[in-house]
Amino acid sequence: MNENSALSGNAAHQHKLLDLITQSWTAQGACVAAELGIADLLRGGPRSSDDLATDLGVDARALHRLLRALTTIDLCAEREDGSFAITPMGALLGTDAPESLRHWAIWWGKHLWPVWGQLLYSVKTGKSARSLLLGTEGFKHLEHDPETATVFNRALAELTRFESHSVIAAYDFSRFKRIVDLGGGNGELLGLILSRLPESHGILFDLPHAASGARAHIEKSRLADRCEFVAGDFFAPIPAGGDVYILKSVLHDWNDDRCREILANCRQAMKKDATLLLIERVLPERLDHSAANQSAARSDLTMLVALAAMERSEAQFRSLLNSAGFETLRLYPAGTVSVIEAIPQA
Numbered sequence: 000m001n002e003n004s005a006l007s008g009n010a011a012h013q014h015k016l017l018d019l020i021t022q023s024w025t026a027q028g029a030c031v032a033a034e035l036g037i038a039d040l041l042r043g044g045p046r047s048s049d050d051l052a053t054d055l056g057v058d059a060r061a062l063h064r065l066l067r068a069l070t071t072i073d074l075c076a077e078r079e080d081g082s083f084a085i086t087p088m089g090a091l092l093g094t095d096a097p098e099s100l101r102h103w104a105i106w107w108g109k110h111l112w113p114v115w116g117q118l119l120y121s122v123k124t125g126k127s128a129r130s131l132l133l134g135t136e137g138f139k140h141l142e143h144d145p146e147t148a149t150v151f152n153r154a155l156a157e158l159t160r161f162e163s164h165s166v167i168a169a170y171d172f173s174r175f176k177r178i179v180d181l182g183g184g185n186g187e188l189l190g191l192i193l194s195r196l197p198e199s200h201g202i203l204f205d206l207p208h209a210a211s212g213a214r215a216h217i218e219k220s221r222l223a224d225r226c227e228f229v230a231g232d233f234f235a236p237i238p239a240g241g242d243v244y245i246l247k248s249v250l251h252d253w254n255d256d257r258c259r260e261i262l263a264n265c266r267q268a269m270k271k272d273a274t275l276l277l278i279e280r281v282l283p284e285r286l287d288h289s290a291a292n293q294s295a296a297r298s299d300l301t302m303l304v305a306l307a308a309m310e311r312s313e314a315q316f317r318s319l320l321n322s323a324g325f326e327t328l329r330l331y332p333a334g335t336v337s338v339i340e341a342i343p344q345a
């Protein structure tokens with residue numbers, strides 16, 4: 000390789016690295032667009048930035064610059080007359096969009112943003128940066144902040160909605176008549192399962208801050224006669240007698256010792272013939288450059304900075320389950336997550 004080729008290669012790497020370093024601006028752009036409700040305001044058709052600024056009470060020139068920036072990431076489109084329209088992807092930031100990610104954009108750009116800024120602290124100590132910033136452990140901060148709790152629960156509901164159809168397609172729930180969803184949030188997954196199984200009943204179990212959203216979703220889904228919300232903590236006794244216990248995106252929030260506490264409470268509540276389902280990301284043993292692996296690595300580091308927790312590999316899940324008295328039967332890939340089926344050891 001001659002010197003010019005080497006310089007050319009380095010320049011390409013520099014450009015790529017600069018993009019990686021600065022791409023966080025897109026998260027903030029999406030977050031601000033979500034908070035301002037741009038998608039909702041443009042739902043009826045294109046509008047000028049001046050018109051939007053008047054409705055929003057914001058600086059017209061600054062809003063125009065934001066909207067132009069959003070066109071470069073396909074969240075808005077600028078028309079020949081200078082007005083702006085929402086794109087199909089931008090419409091997903093709408094409040095009532097069927098596949099909305101509005102609250103996830105706000106959760107990431109507003110609530111996870113300062114936590115990620117303390118990644119170095121978490122790497123040095125292995126501790127939660129959120130605990131450093133807020134002085135609370137786990138999700139305790141949500142108990143005293145209803146507004147943040149609402150954003151969190153809706154954000155998780157949006158992600159669960161995104162993943163649930165793949166879970167339903169990958170795993171057959173039809174043999175279960177009594178389904179207990181632990182840490183089920185607003186009930187997106189349980190509601191979808193019950194909608195497919197008219198003879199089954201469900202218990203949605205979560206902390207009290209999830210109650211209003213969960214009950215509203217149960218009512219909206221017309222499942223009030225077959226599903227109940229039970230407030231509680233899975234570090235304490237949980238409802239007994241279920242045919243299946245679901246832990247979706249729960250164990251990645253906790254270290255191994257706390258996970259074993261949760262699993263011990265599950266085992267205590269379970270009948271001998273009951274089934275435990277973990278629905279989680281499963282890390283490959285080695286990560287590569289693929290988009291899927293980048294997403295998995297991002298999620299793993301999010302667990303570190305937010306909760307001093309982790310995503311796990313299949314071997315780590317099997318070891319964890321075995322140490323808590325469970326036998327792993329099978330793993331069912333389901334899009335970005337997998338369904339891990341386990342039963343109590345004899």
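Position 286 of the sequence shown, counted from 1, bears residue number 285 in numbering that gives the first Met the number 0, the numbering being contiguous throughout. We put the beta carbon where it would ideally sit given N, CA and C, even for glycine.
What residues are listed by DSSP as bridge partners for Cys226?
-> Assignment of beta-bridge partners to Cys226 by DSSP yields Gly201.
Report, in whole angstroms, the separation of the C-beta atoms of Lys270 and Gly240, which I expect to be a contact under 8 angstroms.
-> About 7 angstroms separates the CB atoms of Lys270 and Gly240; that is less than 8 angstroms, so the two are in contact.
Opening and closing residue of the beta strand (DSSP E) in which Lys139 lies = Note, Lys139: premise wrong, no beta strand (DSSP E); alpha helix (DSSP H) at 139-142.
Run through DSSP, which three-state label would Pro332 get?
-> Pro332 falls in the strand class under three-state DSSP.
Give a yes or no on whether the C-beta atoms belonging to Gln27 and Gly108 are separated by under 8 angstroms.
-> Result yes, Cβ atoms of Gln27 and Gly108 sit closer than 8 angstroms.
Would the segment 207-226 and the segment 181-190 be scored as touching if the rule is three or more Cβ pairs under 8 angstroms?
-> As far as the Cβ criterion goes, the segment 207-226 touches the segment 181-190, which means the pair count is three or higher.
Opposing strand residues paired with Glu326 [DSSP bridges] = Partner(s): Ile342.
Assign Asp171 to one of two classes, buried (16 or more other C-beta atoms within 10 Å of its C-beta) or exposed (fewer than that).
-> Burial call: exposed.
Where Gly231 and Leu17 are concerned, what is the direct C-alpha to C-alpha distance, given to the nearest angstrom?
-> Looking at the two C-alpha atoms, the distance is approximately 46 angstroms.
Gly125 versus Ala345, Glu340, Met309, residue with shortest Cα-Cα distance | Checking every option, the nearest Cα to that of Gly125 belongs to Met309.
Got a sec, what are the start and stop residues for the beta strand (DSSP E) Asp299 sits in?
-> DSSP places Asp299 outside any beta strand (DSSP E); the residue lies instead in the alpha helix (DSSP H), whose first and last residues are 290-306.
Same chain only: Cβ atoms within 8 angstroms of Ile105, ignoring 5 sequence neighbours per side = Once the five neighbours on either side are set aside, the close Cβ partners of Ile105 are Cys30, Ala33, Glu34, Val150, Ala154.
3-residue-minimum beta strand (DSSP E) runs that sit fully inside the segment 157-217, ordered along the chain | Within the segment 157-217, the complete beta strand (DSSP E) segments of 3 residues or longer fall at 177-181, 200-205, listed in chain order.
Return no unless some Cβ of chain B is closer than 8 angstroms to the Cβ of Leu320.
-> Looking at the structure shown, chain B is missing, and only one protein chain is on hand.
Euclidean distance between Cα positions of Arg67 and Ile85 = Their Cα atoms are separated by approximately 12 angstroms.
Cα separation between Asn264 and Cys258?
-> Cα-Cα distance, rounded: 10 angstroms.
Residue span of the beta strand (DSSP E) that contains Ile278, given as start and end | Per DSSP, the unbroken beta strand (DSSP E) holding Ile278 starts and ends at 274-279.
Measure the beta-carbon distance from Ile339 to Leu262 and round it to whole angstroms, keeping in mind my assumption that it falls under 8 angstroms.
-> Rounded to the nearest angstrom, the Cβ distance from Ile339 to Leu262 is 12 angstroms, too far for a contact under 8 angstroms.
Beta-carbon contacts of Asn152 that lie in its chain and below 6 angstroms, excluding the five residues immediately before and after = So the list reads Gly184, Asn185, Ala209, Gly212, once near-sequence residues are dropped.
Neighbourhood of Gly362 by C-beta distance below 6 angstroms, restricted to the same chain and skipping five residues each side | Limits of the chain in this structure are 0 at one end and 345 at the other, which puts residue 362 out of reach.
Give the secondary structure of Arg369 by DSSP, where H, G and I count as helix, E and B as strand, and everything else as coil.
-> Residue coverage of the chain in this structure runs from 0 to 345, which leaves residue 369 outside it and unanswerable.
What is the rounded straight-line gap between the Cα of Ser127 and the Cα of Ser298?
-> C-alpha of Ser127 to C-alpha of Ser298: approximately 14 angstroms in a straight line.
Between Leu62 and Ser48, is the Cβ-Cβ spacing less than 8 angstroms?
-> Yes, these two residues count as a Cβ contact at 8 angstroms.
Closest residue to Thr301 among Arg101, Ser82, Val122, His14 (Cα-Cα distance) = Answer by Cα proximity: Val122.
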